Amino acid sequence: MQRHSPCRFNMYVISISFSQTMEIIFNAMLDDFFGRGLYWLSDCKVKVKLDTTYELSCKLINYIPEATALISTSLLALFSIDRVFTVYKPLKFRGDLHRRVAGFAIVGIFVLGFLLNLPQMIQSGLVETMSNVTLSIFECQYKDSRNIWAQYVLYLSIIGSTILPSVFVFICNVLIFLKLRSLFRERSRLCASEERNSAELRRVVGHLAFTTLFFFNTLPIIVLIILRQQSDFNNYSKLYPEYAQRIKHLSRLFSSFESLNSVTAFPTYFIFLPSFRAQLNCLATCGQNKPKPHQRTPKTGPKHAPPSRLKNMPPAAKKELLDSDANEVRHTLLSSLNSEDEGQK
């Protein structure tokens, strides 16, 4: 779709999909499925704990999911902020403009995401949790959970990867909704196409659905991470071992739910974006049902009157002509909101 119709919003979606895919591979597949799910499915016969095999694998399995989670949520917030600019200034921030600026911003977020999470790799390691004469059990965790850098990584995950992006996305959604509501009213007054109104409404509802699922999927893990941090800080593992163990297991369970943020993108795009369904149909049929390129409707409205003509016109005719020109300009501004989004998922 990006090759068919270059658009900076497609760049955001591609980047978010890449970072979420990396998070799914390292967190959902290597850690959750192979580390715990396969052990349960095989009735405790097959156990593949990659994060406890080597020190490096422990660091990577902890580091890459945290870094890519920060990157994907930051890109989602940037996507929403850019959408606000496009809705309020449709001609200046059209989707096919400023692609280079968006590319630099995306690369910068990737670099910062990996750099800011470097303490995660440094602080993680294999820690011996149980040992006797013949057996030693190691777990992949922070070497010292009360270390200042371990605290930094924890709050970066809670605030940087979850809370701040959620706040930005929520504010942007409110601004977008208010602006589009006024645009819909204006378009109805101008007797504009209801089909275009429905297309815009689907895009807004899809965006709201995606971000709302993101919020509800991440809210439980925020609460449990805070409770687990309180447990570690107050040494509950010795004072209240059953409570500490329950919090530990619940945090692992709900951390698996974070992967739902990655898999909700596809059904959201499929339900609310006709262009995505058309492109998917084209891929499924090996290009036989190619989506039709968007064709702009030629302008048939009145041309703007020159100043010399306005001076010689009666006041009533002058007012009627100026009103028709103003309506044409407003209709052009409203239509540009649709045209910049035709190539977007």
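The numbering used here puts the first residue of the sequence shown at 189, with every later residue one more than the last. The beta carbon of each residue, even a glycine, is placed where N, CA and C say it ideally should be. Bear in mind the structure is a predicted one, so any value in this text is a computation, not a measurement.
Can you give the Cα-Cα distance for Val-201 and Ser-207, rounded to whole angstroms?
10 Å
Residues of its chain near Phe-267, where Cβ-Cβ distance is below 6 Å and the 5 sequence neighbours each way are ignored
Tyr-200
Measure from the alpha carbon of Phe-458 to the alpha carbon of each residue in Glu-254, Phe-398, Val-236 and Ile-249, then state which is nearest.
Phe-398
Could you check the C-alpha separation between Thr-261 and Thr-473 for me, to the nearest Å?
33 Å
So what does Gly-313 bridge to, in DSSP terms?
Gln-329
So, with DSSP's three-state summary, where would you put Lys-491?
In this predicted model, Lys-491 has a pLDDT of only 44, less than 50, meaning its place in the structure is not dependable; the value taken from the coordinates is given anyway. Coil.
Taking Cβ positions, are Pro-194 and Arg-287 nearer each other than 9 Å?
yes
Could you round the C-beta distance between Thr-406 and Thr-350 to whole angstroms and report it? I think they count as a contact, below 8 Å.
5 Å
Which full runs of the alpha helix (DSSP H) of 4+ residues lie inside the region 191-229, going along the chain?
196-211 and 226-229
Where Arg-134 and Gln-417 are concerned, what is the direct C-alpha to C-alpha distance, given to the nearest angstrom?
Nothing can be reported for residue 134: it is not among the residues displayed for the chain, which extend from 189 to 533.
Could you check what DSSP says for His-437 in three-state terms: helix, strand or coil?
helix
Please classify Glu-211 as buried or exposed, where buried requires at least 16 other C-beta atoms within 10 Å of its C-beta.
buried
Would you call the region 294-312 and the region 338-354 in contact, with 3 or more CB pairs under 8 Å?
yes
Close Cβ partners of Ser-312 (< 8 Å) along its chain, the five nearest in sequence each way excluded:
Cys-246, Lys-247, Asn-250, Tyr-251, Cys-328, Gln-329, Tyr-330 and Lys-331
Under 9 Å between C-beta atoms of Gly-283 and Phe-197:
yes
How long is the line joining the alpha carbons of Leu-534 and Asp-231, rounded to whole angstroms?
Since the displayed the chain opens at 189 and closes at 533, residue 534 lies outside it and no answer follows.
Could you check which residue in Ile-359, Ser-439 and Phe-221 has the C-alpha nearest to that of Thr-400?
Ile-359
Comparing C-alpha positions only, which one of Val-234, Val-295 and Phe-326 sits nearest to Thr-241?
Phe-326
Beta-carbon gap between Ser-447 and Asp-239 smaller than 9 Å:
no
How big is the Cα-Cα spacing for Gln-467 and Glu-374?
31 Å
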